[in-house]
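**Q** Quick note, the sequence shown lines up with residues 108 to 219 if you use our numbering.
First the structure, then my questions, so here it is.
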Amino acid sequence: MRRSSTLMRRAFGIYFGAAPWAAAVSIVIMVVGGLTAVATAWFTRGIIDGLSADEKSTIWLGVVGFGVLAIVSPVILHVSQYAQRDAERRVTIRTQQELFTAVSAHPRLTEL
108 MRRSSTLMRR AFGIYFGAAP WAAAVSIVIM VVGGLTAVAT AWFTRGIIDG
158 LSADEKSTIW LGVVGFGVLA IVSPVILHVS QYAQRDAERR VTIRTQQELF
208 TAVSAHPRLT EL
């Protein structure tokens with residue numbers, strides 16, 4: 108158990124060290140993604156309440172909310188994919204540099 112927590116800490120350290128902005132963007136996107144599910148339920152409730160009580164203002168609030176979600180959701184998806192790819196690229200570069208530095212530190216291995 109202790110070993111796995113140490114490995115997880117090192118993995119997060121590599122990720123946050125290689126791409127700190129991508130890590131921050133990923134956290135923000137997770138929060139916004141969770142809020143979109145709540146917003147969908149809330150806007151659906153607004154539409155249903157507006158239809159049952161014949162309140163047009165509540166219906167419009169739900170419709171506008173769904174419109175905003177229809178615009179925001181794809182943007183979130185693309186930003187998330189961009190951040191993930193950039194983080195993967197930066198982590199790969201960093202781990203390769205660390206590997207080559209470690210291998211080059213041994214005099215016998217550099218001769219190969």
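Cβ atoms here follow ideal geometry from the backbone N, Cα and C, with glycine treated the same way.
If you're wondering where the values come from, they're calculated on a predicted model, not measured in any experiment.
1) Is G169 buried or exposed, if buried means 16 or more other CB atoms sit within 10 Å of its CB?
2) What are the start and end residues of the alpha helix (DSSP H) that includes E162?
3) May I ask which residues mark the beginning and end of the alpha helix (DSSP H) holding M108?
4) Which one of I166, L114 and V210 has the shortest CA to CA distance from I154?
5) Throw me the rounded Cβ distance for the A131 and Y122 pair, which I believe falls under 8 Å.
6) If you draw a straight line from the C-alpha of T202 to the C-alpha of A212, how long is it?
7) Can you tell me whether A160 is buried or exposed? The criterion is at least 16 other CB atoms within 10 Å of its CB, across all chains shown.
8) With H, G and I counted as helix, E and B as strand and the rest as coil, what does DSSP make of H185?
9) Just the Cα atoms here: how many angstroms apart are G157 and S133?
**A** On the basis of the data shown:
1) Answer is buried; the Cβ neighbour count reaches 16.
2) Note, E162: premise wrong, no alpha helix (DSSP H); not H, not E.
3) Here M108 belongs to no alpha helix (DSSP H), and DSSP marks it neither H nor E.
4) Taking only the C-alpha atoms, the option nearest I154 is I166.
5) Not confirmed; about 11 Å, so no contact.
6) If you draw a straight line from the Cα of T202 to the Cα of A212, it is about 15 Å long.
7) It counts as exposed.
8) Here H185 sits in helix by DSSP.
9) Using only the alpha carbons, I get a separation of about 36 Å.
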